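Everything below concerns the one structure shown next.
Residue numbers (my numbering), protein chains in the order written: chain A, 2 to 507; chain B, 2 to 351.
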């Protein structure tokens, strides 16, 4: 089980996405017989690196070397990557549920006899391929009859059978229960003994420490470092993922932290919860507060925010808004009451891509006004121009479709949309993700300014620095529940990381 | 909603450029083939000519295309039941008026009844699509098949004739007015729709929901209700088209009224340069698309193509039109215009 020679070397990989640097000079090395975790928060560049490797995306510069191939390779398609010995099993299993397990294993490369599919050989070979993973099932019945875990095993068996040098497992455990995870790990160990190099992408810290040999951490598209698992305590890993080094934004600092004497409660949730999304929680947000929600991805940060906004209807607990009991049936109720919500996923839930910057800015206000009170064209243009100016949105024209703007400017458009409705309570879910440093600073300043003007704000970010700079209180989430709260001087990097990592800090 | 300044971008960049070009190309064939094609004369106090005929015959399709455009824009799906709804609404109207020498009930009441039927059909489709989340094609397939059956039930499987002359006014001419009535109806529907879409925020809502329903929900739009409304409206449009259709022949043949017209309506939307995936739409484009389809039919008749061979020629031209508008050829056109005007590069956004 000794870790062998280097079988995959990626050097100086650089890739741009619409002007944003997704990967910057990233190195990655995989050795035979090791399980190598690829870690980083969302937007760190993990999936881009995987896509570059598997040929799903092109890269601009850098080299990929495979052991046994005397020249650098460029995979132009997943097929080519497979040919070069790299296979991937994705989070969503990409097999066909309505055909048999054996067919799934050999689709596109069925064993043939006299030009016809040789079912007998195929089923036998399928059985063998699964036996390697200690999976003994009837391969002649449809895949859909098996659990997700088994389906995943089939996907892995297929990947291993096609090419067996590098296996990429992208979030394989997110839909498995504990027992299934342990089964998967057994399979991974087996493959490792056979000399495969496995790249394991996951958000679960425990699993990394259970199974991996090495960790490569990415952040903001850059390599943070490669570490051996037993030499990197968990708190350190979280620190690396979230970024510890102070950058040039450090001068922004909230001045009035803590209480200002008289607190005016804006939002007060008691036992609010949403089955399957967020366990019941209490939270209070006062006028002038910036409350941060901190936790790893999938810890329930966004879900908590969505429950407050009414994007997901809470089924437990009570929400009080501005002193009165408030139930939101749909976002429009929340908007009318004075809430705003900038969602985490800008592209899918934020921008309305084909509509113009003007329309994207005024749409929430228009929705609040109602269908029959159309804002006049002149008003719309004035509002749009005011916010294009105020937030320095870079756009050719207010009529430019918002999809043609850069990510940061799109985010500013969504911010403008909510500022225009002048809400008392604003939820910002990852407002600075994937946007350049300059715009990040602007947005952080704006958040502080808004709070000083008396708005109540919930701020969610994966970047701990950003949270330290902007928040005066912080709620910590882990495993879909709120596990604690920090305020005032307690908000330090170490405390936050300890709280996030939870459990035993190695 | 279009910009006034023509000089801001090359003319080929306008969304209506291609649909208009296609219509123009279809018409230009006639200039060579049938020189008297563009002649308009007055006979018996009413206007006659191929052009008038195109506008007259296309009006039903124009109305359907308007309804279909909104359905496509909001839901990214199509309502394939419009032809059957035409037949059903027509059947109800005729059955209500009866086959006697005089109407059984006031004409206007029968018309309203037919519109109500269209509305109910729309409510049914809209409910399935927006609230039950049935795929639009499957949801509207129900009335597509059942609609004509119900119409047969209403007419007792007979072809019914309406005797009073005034019944034909809607589908032909009102005495003393030289312009065919269907043209007025179509213009009324188009203008009214356009006003509702631009004077309320409904137009923006429909586009917004069609482009990104998740984001629309989060900014406070009720995407279900908006999609529902477009289907209801489409049902009413189908009823209006059905009324025109039965008035033309003063009879109802439930098997043939509006047969296959749903396909032409969808085609009109596509020829108008609208994406069938939903989102941004151009009402004017769909109207031009509908007129183009009728112009094509009339042109082929004028060229003495036999009626039973017509679909073949029509298909060939439609393929050409759709190909011209395909993204690949559009890009090619764009590059061509760039080459022709090298001094003015098209400003790509940042």
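Note that beta-carbon positions come from the ideal geometry of N, C-alpha and C, so glycine has one too. Keep in mind it's a predicted model, so treat the numbers as computed, not measured.
Below 8 Å on the Cβ atoms is my contact criterion, and I expect residue 369(A) with residue 440(A) to pass it. Report the Cβ-Cβ distance as a whole number of Å.
Actually they do not touch by this definition, with Cβ atoms about 27 Å apart.
Say whether chain A places a C-beta atom closer than 7 Å to the C-beta of residue 220(B).
A Cβ of chain A is located within less than 7 Å of the beta carbon of residue 220(B).
Name the DSSP beta bridge partners of residue 215(A), please?
37(A) and 229(A)
Residues of the segment 359-376 of chain A with Cβ closer than 7 Å to any Cβ of chain B, in chain order
For the segment 359-376 of chain A, which is checked against every Cβ of chain B, the residues closer than 7 Å are 360, 364, 365, 367, 368, 369, 372, 373 and 375.
Buried versus exposed call for residue 445(A) [16 or more other C-beta atoms within 10 Å across all chains shown]:
buried
DSSP three-state assignment for residue 468(A), whether helix, strand or coil
helix
Does residue 436(A) have its Cβ less than 7 Å from a Cβ in chain B?
no
Taking a Cβ distance cut-off of 8 Å, strictly less, list which residues of the segment 203-220 of chain B are near chain A, in chain order.
Residues 203, 205, 206, 208, 209, 212, 213, 215, 216, 217, 218, 219 and 220.
Do the segment 272-279 of chain A and the segment 450-467 of chain A make contact, defined as three or more Cβ pairs closer than 8 Å?
Touching, no, given that fewer than three Cβ pairs across the two stretches are closer than 8 Å.
Residue 212(A) versus residue 351(A) - alpha carbon distance
37 Å
Give me the chain A residues within the contact set of residue 156(B), using Cβ-Cβ distance strictly less than 9 Å, ordered along the chain.
The contacting residues do not exist; residue 156(B) stays about 39 Å from chain A at best.
Which of helix, strand or coil does DSSP assign to residue 204(B)?
helix
Determine the contact status of residue 222(A) and residue 22(A), defining contact as a CB-CB distance below 7 Å.
yes
Cβ contact check for the segment 239-259 of chain B and the segment 61-72 of chain B: 3 or more pairs under 8 Å:
The answer is yes - the segment 61-72 of chain B touches the segment 239-259 of chain B, with three or more Cβ pairs under 8 Å.
From this set, 40(A), 54(A) and 101(A), which residue's C-alpha is nearest residue 12(A)'s C-alpha?
54(A)
From the DSSP output, in three-state form, read off residue 58(B) for me.
helix
According to a CB-to-CB cut-off of less than 9 Å, which residues of the segment 183-202 of chain B neighbour chain A?
199, 200, 201 and 202
With DSSP collapsed to three states, give me the class of residue 370(A).
helix
Could you round the C-beta distance between residue 45(A) and residue 219(A) to whole angstroms and report it? I think they count as a contact, below 8 Å.
4 Å
Note down the Cα distance separating residue 96(A) from residue 366(A), rounded to an integer number of angstroms.
44 Å
What are the complete alpha helix (DSSP H) segments, minimum 4 residues, inside the segment 335-408 of chain A?
358-370 and 378-391
Do you know offhand how far residue 495(A)'s Cα is from residue 75(B)'s?
50 Å
For the alpha helix (DSSP H) holding residue 289(A), just list the boundary residues, first then last.
Run containing residue 289(A): none; DSSP gives neither H nor E here.
Which chain A residues sit within Cβ distance under 7 Å of residue 281(B)?
355
Interface residues of chain B around residue 98(A) at Cβ under 9 Å?
Per Cβ cutoff of 9 Å: no residues; residue 98(A) is ~19 Å from chain B at best.
Alpha carbon to alpha carbon, how far is residue 167(A) from residue 70(A)? Give it in angstroms, no decimals.
Each residue's alpha carbon lies about 14 Å from the other.
Expressed to the nearest angstrom, what Euclidean distance is found between the alpha-carbon atoms of residue 87(B) and residue 375(A)?
Roughly 33 Å separates the two Cα atoms.
With a CB to CB cut of under 6 Å and the five nearest residues on each side skipped, what residues in its chain are close to residue 249(A)?
With a pLDDT of only 41 at residue 249(A), under the threshold of 50, the placement of this residue in the model should not be trusted, and no figure is reported.
What does the Cβ neighbour count give for residue 194(A), buried or exposed, with the cut at 16 atoms within 10 Å?
exposed
For residue 102(A) and residue 138(A), believed in contact at Cβ under 8 Å, the rounded distance:
The Cβ separation is near 7 Å, so the contact holds.
Name the chain A residues whose beta carbon is nearer than 7 Å to that of residue 275(B)?
Neighbours of residue 275(B) on chain A: none; closest Cβ ~12 Å, over 7 Å.
Using a C-beta to C-beta distance shorter than 7 Å, which residues of chain B count as neighbours of residue 342(A)?
219
Taking the CB atoms as reference points, tell me whether residue 315(A) and residue 343(A) lie closer together than 7 Å.
no
Could you say if the segment 384-393 of chain A and the segment 413-421 of chain A meet the contact criterion of at least three C-beta pairs nearer than 8 Å?
yes
C-beta neighbour in chain B for residue 350(A), strict 7 Å
yes
Could you give the C-beta distance for residue 98(B) and residue 111(B), rounded to a whole number, given that I count them as a contact under 8 Å?
5 Å
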